[in-house]
Each structure stands twice: as structure tokens, then as C-alpha cells.
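Residue numbers (the UniProt record's numbering), protein chains in the order written: chain A, 1 to 132; chain B, 1 to 132. The structure under discussion appears below in the form of C-alpha cells.
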């Protein structure tokens, strides 16, 4: 059994905390944990806008806090994000995520993130075999 | 892209809401969604105690709200549960979960739950092939 505390990670395990310009992701579970998925708590800064396309991963994102929106770039449809709303990128959907207020999200990736990925120019993470 | 709202499901999509004596699970993502994992928001009633052993699944559980504890029945070790604590049953660990206050948990299952499982006598869910 693995037991991890978000608050403990923030203080003492900074290797699990990954930041970019306007988001921070706390990796609670990574590929090495052997669960077959990774689990992250991700913060998106108020006022920020992000274009992502996880060509090599499925991702689900559950909003725990904050307010924003997501636009599916294939259809042009925009959905409100608020606590309790989840989106799942079952078609590796290219999308724009906007944080009107800081968003706090519980994210699941399959295949699991290894911990060394960064977003590439095209908004994707590299496939696992390139980052292992 | 799949977009679902917890509050909408609670009101209009009761097929996704599964209850037992003292827990309720809202299935945000199930096997049929094709993500390779399922994602549930689960409520465990204040004062309740549960013995689970997911012999056929890996499960991770992230505490969003409440207070309780988990005991690993293989080692006898007990860990406090509070917001920000996650446990991951990477060895299909048999465990006792206690809710001192109502617990609200974000749960991920791999392989994904199909939606028709109930806990069996032994605290497990049937493997996917028996419930499909």
C-alpha cells in the first residue's frame, strides 16, 4: 500500500512538484508506482489559458475548485468548468483550458506519466518510451 | 471529449449513482467510456467502517474532504486520512477504511469498473469478465 500526503509532498518532496509558467502539478502517483495510471493534483493560475493535446495519453480532469472553461478545438464547443465538472479526453482532443479563477484539478493519465515529461511545442507530452 | 457534471448526475442520471449501506459512489467515468480506468466520487458515511480487498483491481483514493483512517491488514499499520492524503492499493491490499467524519474521495480503478459490480462477501469486486 502506498500512502502519500499532498501537504507533505509540497514541503518535502519537491521532485514530485512540476511547474510551468502558469500551472503547477503535484504528482501523487507516477508510472513507477505500478498502478497503470498516474494521478496529479494540478493548479492553473487565475487568468491563464492553455492549449493542450495529449496525443499519446488519455486524460481525465475533475474540477475540485475554481472557475473556467474548456473549448474542444475540433468542434468549437465550449463547456463551463466549475467544481464537480469533469472532462475526459477520450479522443486525445486538442483543447483550450481557461482559468477565470485559479483551478484545482484532479487529473488521471493513462498511460501513466513517468515524471520527466514537459509539454512540447504542440501541447502534447512525449510518449512514455521517449521519457523513460 | 466527454464532459460530465457531478451535480447533474446526482439529479438526472441515477444509473451512475451506486449506494450500499453506508457509502455512495458517483461514477463519473466507467469502462464503457474507453479511458482504460474508471473515476468515481465516493462518500463514506460518518462513523462507518469498511473492509475491502480489490483482488482484481488497482485502486487509488484521494481524500477531498473528511477525516478517518486506513489500516493495512497485512502489516497492521494505520494511517490517518484527511484532505490531501492519498492511498494506492498497489498490492490489492486488504484494508479497513474508517470514516470519523464523512469522507469524500476521488477514486480511480484499473481495470475500469463496468458499473454493475457490487462488493462481494470477500470485499472484492468481480473481475471485469464476470460483470461485462
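By construction, the Cβ of each residue, glycine as well, lies at the ideal position given by its N, Cα and C atoms.
Within the 8 angstroms Cβ cut-off, does residue 90 of chain B reach chain A? Reading the second chain from its first residue, position 90 is the one you call residue 90 of chain B. For residue 90 of chain B, the answer is yes, since a Cβ of chain A falls inside 8 angstroms of its Cβ.
Since I believe residue 100 of chain B is in contact with residue 68 of chain B (beta carbons under 8 angstroms), could you give me their beta-carbon distance rounded to a whole number of angstroms? Locating residue 68 of chain B in the second chain gives position 68, counting from the first residue. Locating residue 100 of chain B in the second chain gives position 100, counting from the first residue. About 5 angstroms; that satisfies the 8 angstroms criterion.
Quick one: list the residues of chain B neighbouring residue 43 of chain A, beta-carbon separation under 8 angstroms, in chain order. In the first chain, counting from the first residue as 1, residue 43 of chain A sits at position 43. Neighbours of residue 43 of chain A across chain B, judged by C-beta separation under 8 angstroms, do not exist; the nearest C-beta is about 13 angstroms away.
Could you check which residue in A/97, A/126, A/102, A/96 has the C-alpha nearest to that of residue 110 of chain A? The count along the first chain starts at 1 and reaches residue 110 of chain A at position 110. Checked all of A/97, A/126, A/102, A/96; the closest Cα to residue 110 of chain A is A/126.
Is it right to say residue 14 of chain B is buried, meaning 16 or more other beta carbons lie within 10 angstroms of its own, or is it exposed? In the second chain, residue 14 of chain B corresponds to position 14, counting from 1. So residue 14 of chain B ends up on the exposed side.
Residue 110 of chain A touches chain B at which residues, Cβ-Cβ below 9 angstroms? What you label residue 110 of chain A is simply residue 110 of the first chain in a count that begins at 1. Within 9 angstroms Cβ-Cβ: 35, 36, 37, 110.
Three-state secondary structure assigned by DSSP to residue 31 of chain B: Along the second chain, read from residue 1 onward, the residue named residue 31 of chain B stands at position 31. DSSP, read as helix, strand or coil, puts residue 31 of chain B in helix.
How is the alpha helix (DSSP H) around residue 6 of chain A delimited, first residue to last? Locating residue 6 of chain A in the first chain gives position 6, where the first residue counts as 1. Counting along the chain, the unbroken alpha helix (DSSP H) around residue 6 of chain A starts and ends at 6 to 12.
Rounded separation between residue 121 of chain A and residue 73 of chain A - CA only: The residue labelled residue 121 of chain A in the question sits at position 121 within the first chain. The residue labelled residue 73 of chain A in the question sits at position 73 within the first chain. Using only the alpha carbons, I get a separation of about 17 angstroms.
Could you give the DSSP three-state label for residue 98 of chain B: helix, strand or coil? Within the second chain, residue 98 of chain B is the residue found at index 98, counting from 1. Strand at residue 98 of chain B.
Interface residues of chain B around residue 1 of chain A at Cβ under 9 angstroms? In the first chain, the residue the question calls residue 1 of chain A occupies position 1. Taking a Cβ-Cβ cut-off of 9 angstroms, the neighbours of residue 1 of chain A in chain B comprise 70, 72, 74, 75, 77, 79, 87, 88, 89, 90, 91, 93, 95, given in sequence order.
Please go through the same chain and pick out, in chain order, the residues whose beta-carbon is closer than 7 angstroms to the beta-carbon of residue 132 of chain A, but skip the five residues on each side of it. For the purposes of this step, residue 132 of chain A is identified with residue 132 of the first chain, where counting begins at 1. Because residue 132 of chain A sits at a pLDDT of 43, beneath the cut-off of 50, its placement in the model cannot be relied upon, and the point is left open.
Inter-residue Cα distance where the pair is residue 49 of chain A and residue 96 of chain A: Position 49 of the first chain, counted from the first residue, corresponds to residue 49 of chain A. Position 96 of the first chain, counted from the first residue, corresponds to residue 96 of chain A. When rounded, the separation of the alpha-carbon atoms in residue 49 of chain A and residue 96 of chain A is 7 angstroms.
Who pairs with residue 72 of chain B in a beta bridge, going by DSSP? Here the question's residue 72 of chain B lines up with position 72 in the second chain. Residue 72 of chain B pairs with B/95.
List, in chain order, every chain B residue whose beta-carbon is nearer than 7 angstroms to that of residue 106 of chain A. By 1-based counting over the first chain, the position of residue 106 of chain A is 106. Think of a sphere of 7 angstroms around the beta carbon of residue 106 of chain A: the chain B residues whose beta carbon falls inside it are 62, 106, in chain order.
Would you call the stretch 17 to 27 of chain B and the stretch 40 to 58 of chain B touching, i.e. three or more CB-CB distances under 8 angstroms? Under the Cβ criterion (8 angstroms, minimum of three pairs), the stretch 17 to 27 of chain B counts as touching the stretch 40 to 58 of chain B.
Would you say residue 22 of chain B faces chain A, with C-beta separation under 8 angstroms as the test? Start at 1 with the first residue of the second chain, and residue 22 of chain B comes out as number 22. Not an interface residue.
Counterpart residues of residue 18 of chain A in DSSP-defined beta bridges: Along the first chain, read from residue 1 onward, the residue named residue 18 of chain A stands at position 18. In the DSSP assignment, the residues bridged to residue 18 of chain A are A/25.
I want to verify the contact list: residues of chain A whose CB lies under 8 angstroms from the CB of residue 29 of chain B, in sequence order. In the second chain, counting from the first residue as 1, residue 29 of chain B sits at position 29. Result: 60, 86, 88.
Is DSSP giving residue 60 of chain B helix, strand or coil here? Working through the second chain from its first residue, we reach residue 60 of chain B at position 60. It is a strand residue.
Where residue 38 of chain A falls: helix, strand or coil (DSSP): In the first chain, the residue the question calls residue 38 of chain A occupies position 38. It is a strand residue.
Pull up the distance between the alpha-carbon of residue 112 of chain A and that of residue 86 of chain A, whole angstroms please. Residue 112 of chain A sits at position 112 when you count from the first residue of the first chain. Residue 86 of chain A sits at position 86 when you count from the first residue of the first chain. If you take the alpha carbons of residue 112 of chain A and residue 86 of chain A, they lie about 19 angstroms apart.
Any heavy atom of the ligand NAD closer than 7 angstroms to the beta-carbon of residue 14 of chain B? In the structure on display, the ligand NAD does not appear, and there are no ligands present to speak of.
Measuring CB to CB, does residue 30 of chain A end up less than 8 angstroms from residue 19 of chain A? Locating residue 30 of chain A in the first chain gives position 30, counting from the first residue. Locating residue 19 of chain A in the first chain gives position 19, counting from the first residue. Their beta carbons are not under 8 angstroms apart, which means residue 30 of chain A does not touch residue 19 of chain A by this criterion.
Is there at least one Cβ from chain A nearer than 8 angstroms to residue 56 of chain B's Cβ? Here residue 56 of chain B corresponds to residue number 56 of the second chain, with the count starting at 1. No, residue 56 of chain B lies away from the interface with chain A (no Cβ there is under 8 angstroms from its Cβ).
Buried or exposed by the 16-neighbour rule on C-beta atoms within 10 Å, applied to residue 8 of chain B: One-based indexing of the second chain puts residue 8 of chain B at position 8. Counting Cβ neighbours within 10 Å, residue 8 of chain B comes out exposed, since fewer than 16 surround it.
Grab the span of the beta strand (DSSP E) containing residue 87 of chain A for me, first residue to last. Indexing the first chain from 1 puts residue 87 of chain A at position 87. Its beta strand (DSSP E) spans residues 85 to 88.
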